[in-house]
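What follows is a single structure, written as structure tokens, with notes after it.
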């Protein structure tokens, strides 16, 4: 499989039209791999009800359709997808030989290795699933007085989040160092929901702040993979200072961004790994 082309999309947040559109594009373009970078499930309403229903219903049917088209799906949950549904998601993915949950795992396709990591640094929102810390990271101002980590019925409430985050959370560098080893970095693609720091791939719209991880930057600088794929900050590529593609020495870093739930358009990137060509595109989904 030397002619390796893939479609990368991220932050769909349960938008069924965007899921269907990404499949339509892959079929029409003859692309046999779709990579989903996280934040897959509905985030509005009651997540504890809607997210399991979405996995058992829509996603399971979607994976079946992908199989009929011989499309491999590499995917992982993100920070807006509850930790509580991880086991269910893994079970449903495991029912399909063409679907791979790549969170903290390595999947080899042809000559290429794909390695996923879905943890993020702290953000201002109350749900703290998949949040980790970093030595020099300064948390953003919190929008909620109470933080929470999901359980089966709701959230384990944390009333002193700043103290908890300093003493109880794992560190991003340790998460990264525990990832499966790459056999050949020049043919390795990392899929990391959080962007690296310093590349303007996580530029916020409402303030001049680039949300990114120093540890991820250092990790990619050391490992020098072929490519890294990111998401998380939807608006970044469309801000004045933001970018959708940048480099760390020889490693290409891509963060396509995404429209919001219910918008008419979807953002995605076509990846030609062999030719190292990457095209960011926008498609109408309604």
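In the working numbering, the protein residues as written are 1213 to 1498.
Positions of the beta carbon are idealized from the N, C-alpha and C atoms, including for glycine.
Every value quoted in this text rests on a predicted model; they were computed, and no experiment measured them.
Reducing DSSP to helix, strand and coil, say where residue i ends up.
i: residue 1260; result: helix
i: residue 1213; result: Residue confidence for residue 1213 is low, a pLDDT of 43 falling below 50, so the modelled location carries little weight; the figure read from the coordinates is stated next. DSSP places residue 1213 in coil when its eight states are reduced to three.
i: residue 1496; result: strand
i: residue 1222; result: coil
i: residue 1406; result: coil
i: residue 1248; result: strand
i: residue 1440; result: strand
i: residue 1422; result: strand
i: residue 1478; result: strand
i: residue 1464; result: strand
i: residue 1268; result: helix
i: residue 1232; result: helix
i: residue 1483; result: strand
Considering only the alpha carbon of each residue, which of the options lies closest to residue i?
i: residue 1434; options: 1461, 1410, 1449; result: 1461
i: residue 1415; options: 1480, 1381, 1465, 1469; result: 1469
i: residue 1363; options: 1245, 1244, 1494, 1264; result: 1264
i: residue 1484; options: 1272, 1439, 1451, 1319; result: 1439
i: residue 1300; options: 1309, 1378, 1313, 1292; result: 1313
i: residue 1255; options: 1425, 1266, 1372, 1489; result: 1266
i: residue 1329; options: 1310, 1425, 1412, 1455; result: 1425
i: residue 1219; options: 1458, 1431, 1403, 1474; result: 1403
i: residue 1498; options: 1221, 1216, 1236; result: 1236
i: residue 1350; options: 1356, 1375, 1326, 1269; result: 1375
i: residue 1332; options: 1474, 1385, 1366, 1247; result: 1385
i: residue 1276; options: 1307, 1490, 1321, 1338; result: 1307
i: residue 1482; options: 1444, 1495, 1352; result: 1495
i: residue 1184; options: 1269, 1270, 1467, 1358; result: With the chain running from 1213 to 1498 in the structure shown, residue 1184 is simply not present.
i: residue 1297; options: 1318, 1347, 1383, 1259; result: 1259
i: residue 1471; options: 1247, 1216, 1217, 1227; result: 1227
i: residue 1282; options: 1245, 1304, 1269; result: 1245
i: residue 1346; options: 1465, 1429, 1295; result: 1429
i: residue 1357; options: 1348, 1366, 1367, 1371; result: 1371
i: residue 1519; options: 1432, 1261, 1311; result: Residue 1519 is absent from the structure shown; the chain starts at 1213 and stops at 1498.
Are the CB atoms of residue i and residue j nearer to each other than 9 Å?
i: residue 1223; j: residue 1446; result: yes
i: residue 1401; j: residue 1285; result: no
i: residue 1342; j: residue 1290; result: yes
i: residue 1442; j: residue 1413; result: yes
i: residue 1287; j: residue 1257; result: no
i: residue 1309; j: residue 1279; result: yes
i: residue 1229; j: residue 1478; result: yes
i: residue 1397; j: residue 1436; result: yes
i: residue 1458; j: residue 1411; result: yes
i: residue 1327; j: residue 1318; result: yes
i: residue 1486; j: residue 1464; result: no
i: residue 1361; j: residue 1216; result: no
i: residue 1387; j: residue 1316; result: yes
In this structure, what does DSSP give as the bridge partners for residue i?
i: residue 1370; result: 1359
i: residue 1389; result: None, per the DSSP bridge assignment.
i: residue 1488; result: BP columns for residue 1488 are empty, so no partner.
i: residue 1401; result: 1326, 1439
i: residue 1458; result: 1465
i: residue 1470; result: None; residue 1470 has no bridge partner.
i: residue 1505; result: Nothing can be reported for residue 1505: it is not among the residues displayed for the chain, which extend from 1213 to 1498.
i: residue 1383; result: 1345
Taking only runs of the alpha helix (DSSP H) that begin and end inside the segment 1293 to 1363, which ones reach a length of at least 4 residues, in chain order?
With a minimum length of 4 residues, the continuous alpha helix (DSSP H) runs that stay inside the segment 1293 to 1363 are 1298 to 1306.
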